[in-house]
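Notes to accompany the following structure.
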Amino acid sequence: MPLSPSSISHDIPSFPTDEILSIQLPPNPNNLSPSDSLSAPESENLRVFLRIRPLAPNGGGQINKQHCKNGWPKSKHGSREKAKKRTEICVSANDYKSVTVSPPASLQEGKRVKTEVYGGFSQVFSAESTQDEVYAKMVNPLVEEFLRGKSGMLAALGPSGSGKTHTVFGSPREPGMIPLALRQIFSRTEGCETQLSRIFYLSMFEICSERGKAERLIDLFQDVGDLCMQQSTVKGVQEVSVTNVLQAESLVARGMLKRATARTNSNNQSSRSQCIINIRGSPHSAVFTVVDLAGAEREKRTGNQGARLLESNFINNTSMVFGLCLRSLLEHQKNPKKPLQKHFQNSLILTVKSGVEDYLDTSFLLRQASPYMKIKFNNAEEPLNLVSTKRSFQAFPRVERLKRTKLSSIEAFHVFHLALLNTNSIPPVALDNCVVFGSISLGFSFRQMKGMELEMDVDFLKKVVQTVLMLLHFTLVVLLFGIYHGELMIHLASFETEALPPEIIKPEHCSGRPGITINSDLKDGTSLEEGSTELEKERKNVIMQNFAKAIWNVLKQYKEKLEVAENQIQILNRSLADEKERSLGLEIELKDLKSNLLYEKETSLNERVESSTNTSAEQEGCQYDHEVNNAGVVNASSITVEDFEEQGYQQYTNQESEAFPRDVDIAEDPNDEGTDDTQFDRNGSDSGPSEYVVSSTKSLIEIRSDSCSSVERSQLESEEDKKRLDQPTMPEEGAELTPRCDASSATKSDSKDNSSSRALNAERPKRRLLPASSILLKNISTLEFEDEYEKPKVKLPVLLRLFD
Ligand SMILES: Nc1ncnc2c1ncn2[C@@H]1O[C@H](COP(=O)(O)OP(=O)(O)OP(=O)(O)O)[C@@H](O)[C@H]1O
Numbered sequence: 001m002p003l004s005p006s007s008i009s010h011d012i013p014s015f016p017t018d019e020i021l022s023i024q025l026p027p028n029p030n031n032l033s034p035s036d037s038l039s040a041p042e043s044e045n046l047r048v049f050l051r052i053r054p055l056a057p058n059g060g061g062q063i064n065k066q067h068c069k070n071g072w073p074k075s076k077h078g079s080r081e082k083a084k085k086r087t088e089i090c091v092s093a094n095d096y097k098s099v100t101v102s103p104p105a106s107l108q109e110g111k112r113v114k115t116e117v118y119g120g121f122s123q124v125f126s127a128e129s130t131q132d133e134v135y136a137k138m139v140n141p142l143v144e145e146f147l148r149g150k151s152g153m154l155a156a157l158g159p160s161g162s163g164k165t166h167t168v169f170g171s172p173r174e175p176g177m178i179p180l181a182l183r184q185i186f187s188r189t190e191g192c193e194t195q196l197s198r199i200f201y202l203s204m205f206e207i208c209s210e211r212g213k214a215e216r217l218i219d220l221f222q223d224v225g226d227l228c229m230q231q232s233t234v235k236g237v238q239e240v241s242v243t244n245v246l247q248a249e250s251l252v253a254r255g256m257l258k259r260a261t262a263r264t265n266s267n268n269q270s271s272r273s274q275c276i277i278n279i280r281g282s283p284h285s286a287v288f289t290v291v292d293l294a295g296a297e298r299e300k301r302t303g304n305q306g307a308r309l310l311e312s313n314f315i316n317n318t319s320m321v322f323g324l325c326l327r328s329l330l331e332h333q334k335n336p337k338k339p340l341q342k343h344f345q346n347s348l349i350l351t352v353k354s355g356v357e358d359y360l361d362t363s364f365l366l367r368q369a370s371p372y373m374k375i376k377f378n379n380a381e382e383p384l385n386l387v388s389t390k391r392s393f394q395a396f397p398r399v400e401r402l403k404r405t406k407l408s409s410i411e412a413f414h415v416f417h418l419a420l421l422n423t424n425s426i427p428p429v430a431l432d433n434c435v436v437f438g439s440i441s442l443g444f445s446f447r448q449m450k451g452m453e454l455e456m457d458v459d460f461l462k463k464v465v466q467t468v469l470m471l472l473h474f475t476l477v478v479l480l481f482g483i484y485h486g487e488l489m490i491h492l493a494s495f496e497t498e499a500l501p502p503e504i505i506k507p508e509h510c511s512g513r514p515g516i517t518i519n520s521d522l523k524d525g526t527s528l529e530e531g532s533t534e535l536e537k538e539r540k541n542v543i544m545q546n547f548a549k550a551i552w553n554v555l556k557q558y559k560e561k562l563e564v565a566e567n568q569i570q571i572l573n574r575s576l577a578d579e580k581e582r583s584l585g586l587e588i589e590l591k592d593l594k595s596n597l598l599y600e601k602e603t604s605l606n607e608r609v610e611s612s613t614n615t616s617a618e619q620e621g622c623q624y625d626h627e628v629n630n631a632g633v634v635n636a637s638s639i640t641v642e643d644f645e646e647q648g649y650q651q652y653t654n655q656e657s658e659a660f661p662r663d664v665d666i667a668e669d670p671n672d673e674g675t676d677d678t679q680f681d682r683n684g685s686d687s688g689p690s691e692y693v694v695s696s697t698k699s700l701i702e703i704r705s706d707s708c709s710s711v712e713r714s715q716l717e718s719e720e721d722k723k724r725l726d727q728p729t730m731p732e733e734g735a736e737l738t739p740r741c742d743a744s745s746a747t748k749s750d751s752k753d754n755s756s757s758r759a760l761n762a763e764r765p766k767r768r769l770l771p772a773s774s775i776l777l778k779n780i781s782t783l784e785f786e787d788e789y790e791k792p793k794v795k796l797p798v799l800l801r802l803f804d
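Be aware that the sequence shown starts at 1, since it is given in the UniProt record's numbering, and climbs by one per residue.
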């Protein structure tokens, strides 16, 4: 049973892109920090402290008896009520981790503001807490880390007059975090043997607004004019070396004197700038940074106008952008696969005022900042010397350049994080104006978009792989291998390793990546690099192996399919040869049938002609006793129907009657010669058909034919003849022919026979024979035929169609 082409299976599997892409790979060592490869990262939240400023005897920080220069005069209306309010508080510590914020009664009624509890702080410092307590719990760990070589940062954030500056710098009676830290630093190094180990470098500068239009960077230790910012780096900041705590404290005090402050309705000595202080151990050691941010202000509260108002706008903008940056870090928490790497010990101190008048400021800050506690970092242990390496870099790339560079999200966060935390160069830039922060934020969005681009690339690649393979199968497997393992990997690699700013290049960023080198003096970094390179090699091997396996499976499947297809082709070839043989046989059969048909036609025509000849003879008065003894086969190949029709029936009839034996017997009873029912009376040789009177009531002509005759054709012809017979000129049955020929005359005229009849027939036009032949055909059609080719005749149309 030959297989039909439709039965061939076409379910060739598509390229297993999904299988390949779902291959589980070991983690990329490039994405791991050195500590990751050694031990599980220690996750840690951003430490957020809260300090509640006590109520001032005169009403918090609003101690003005005389209104400030650039502020609206305070309204004296309702001062009694306000004095009463000053004794009320809006925030109180529940325990060392949470506070309750209660709105004033007036707000509770009108605006349905509810009491809120904020928890999760690293430590809540109540209004009664002292500077030492705050230092001990908040700054002491940072300083300890700093002395062990790990950088750290503390930033103070809060509304104006909430005690940021008081906390950071303090007063001579209540020294703040900086003086206390300096004391601790120098006290710990007193026992050191070498002088060098007791030298520390201090720098202090501020970023303030210049009439609300631009930012100014001012070195607070030296009068060297405004600092400039090059490639997002503050250039020209002077580091002053100090060898004892007194030097350091006096230096800081001098800087504080220089810092821009102004009296506002909220604070007698309100800071008008962001102030950054760096303490560095040695040229190649960690940095401890403290940031005293300018507090957000409410115009209504401060009553600022003019230059103060412009300052307020600047301060509020920077505070807002700082908050946005922290929120970006928060957003990053949603991606559990890419935790933030923390290279610095960092803390945030929130300061709030506890007065009921300050409810809005306090509530707003806590609402805004409490989520910051959820910011998580993975502790990334940093080699001691790395800080110094970082320190040696002078240029931090411009923000514009960041937009062009390709970084993974994690690296983008490194940029931001370092911008936030690396106070050697970044915070001055990061905090100086909203544009810089905004740009960093934009840069981050750009990174996220790049991440999307990567996903799109993978999806697109999948589609391309599937589509192209459907068309080109094997040939493109190799090419796709190149695309997948070459371009995609290259893309990923470039995505990850596109030039990082040198300042933030860390061993975990650089190891094993081409084009990025680590400072050769980093012994730890070098070993890490080697280990990481090996890991990456191993990872690449796994990728290659898995990919090769997938390709191998595909090729195997295709080979099987190919074998099946080849078998099917062989089967089809065999069945095709059989069909050809069959068709050849049928062709031969058809030829035979054609020749038989032709012969039959000729036979029938001959009979017609003979009949007509007999009729003519009878018409001439001669009664024929026509007996044909010859039997034979017509050589059909020498005759065609067309020739026959062209040359006339008669001619062929005559020739055939002589040349070929006939298979047709027209038997007539010799005894009935004289009384033959078929009598032809003839008036003369020239008599036309109109003169014939045929008596055919007892026509006993028997025609036996061995050869087949086309029934259909006979029927058609008989129909034509019928029409002719039905013509009114036809004689009726029983009608007698006149003149009548008797049998004797017919016998006599037998000698004349053929020659004379031939001559007559040759002259006689074709039409004149028709009535007689029609009669004959009519009779023939009523006779029974023994037709051995009956069956092939039925099949003829089918065969003919086959050879069309
Ligand atoms: N914990 C505290 N104990 C006693 N007095 C405090 C405390 N905190 C702040 N003060 C006092 O409150 C006043 C305002 O404090 P401070 O100047 O530090 O506020 P600030 O947050 O820095 O304001 P700004 O943002 O306007 O600079 C100061 O006179 C300060 O002495």
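Even for Gly, the Cβ is constructed at its ideal location relative to N, Cα and C.
Nearest candidate by alpha-carbon position, reference residue i, set the options
i: C90; options: L55, F121, I218; result: L55
i: E44; options: S604, K376, E560; result: K376
i: G236; options: C228, N596, G119; result: C228
i: S126; options: K97, G149, K594; result: K97
i: K164; options: Q123, L251, Q184, A296; result: A296
i: P104; options: Y372, Q570, E357; result: E357
i: Q368; options: E538, N378, S319; result: S319
i: E263; options: E144, S312, I207, E88; result: For the record, residue 263 in the displayed sequence is Arg; it is not Glu. It is S312.
i: L46; options: V113, S370, S273, S354; result: S370
i: M138; options: L50, D223, I207; result: L50
i: L309; options: L330, N265, M373; result: N265
i: V101; options: D95, T115, Q108; result: T115
i: I279; options: G149, E331, T233; result: G149
i: L360; options: S106, D95, N94, A93; result: S106
i: V117; options: H332, N316, Q238, F364; result: F364
i: V291; options: S285, I277, S583, S273; result: I277
i: S273; options: A286, I315, G306; result: I315
i: V48; options: Q568, S151, G119; result: G119
Residue i beta carbon near ligand 2 (any heavy atom closer than 7 Å)
i: N268; result: By its list of ligands, the structure shown excludes ligand 2, since it contains just ligand 1.
Segment limits, alpha helix (DSSP H) that includes residue i
i: K334; result: Here K334 belongs to no alpha helix (DSSP H), and DSSP marks it neither H nor E.
i: V143; result: 140 to 147
i: E116; result: Not the alpha helix (DSSP H): E116 falls in the beta strand (DSSP E), residues 116 to 118.
i: K164; result: 164 to 168
i: M373; result: It is not in any alpha helix (DSSP H) - M373 carries neither H nor E in the DSSP assignment.
i: S363; result: 359 to 369
Element boundaries [beta strand (DSSP E), containing residue i]
i: L131; result: The amino acid at residue 131 is misidentified as Leu; the sequence shows Gln. Here Q131 belongs to no beta strand (DSSP E); instead the alpha helix (DSSP H) covers 131 to 134.
i: S92; result: 91 to 93
i: L180; result: Per DSSP, L180 belongs to no beta strand (DSSP E); it is in the alpha helix (DSSP H), 177 to 188.
i: E227; result: Checking the displayed sequence, the identity of residue 227 turns out to be Leu instead of Glu. From DSSP, the beta strand (DSSP E) with L227 extends over 226 to 230.
i: T100; result: 99 to 101
Paired residues, beta bridge with residue i - DSSP
i: I276; result: F205, V291
i: D219; result: F205
i: F49; result: Q123, I349
i: P159; result: A296
i: S241; result: Y201
i: G355; result: I89
i: K150; result: DSSP, once it has assigned bridges, lists no residue as partnering K150.
i: K540; result: Paired residue(s): none; K540 is not in a bridge.
i: K235; result: C228
Checklist entry - Is the number of C-beta pairs between the segment 154 to 172 and the segment 195 to 211 that are closer than 8 Å three or more? => result No, the segment 154 to 172 is not in contact with the segment 195 to 211.
Notebook entry, point to check: Touching or not, the segment 242 to 259 and the segment 214 to 222, by the rule of three or more beta carbon pairs under 8 Å?
Noted result: Cβ pair count under 8 Å is three or more, so yes.
Segment contact, 8 Å Cβ cut-off, at least three pairs: the segment 236 to 256 with the segment 175 to 188: yes
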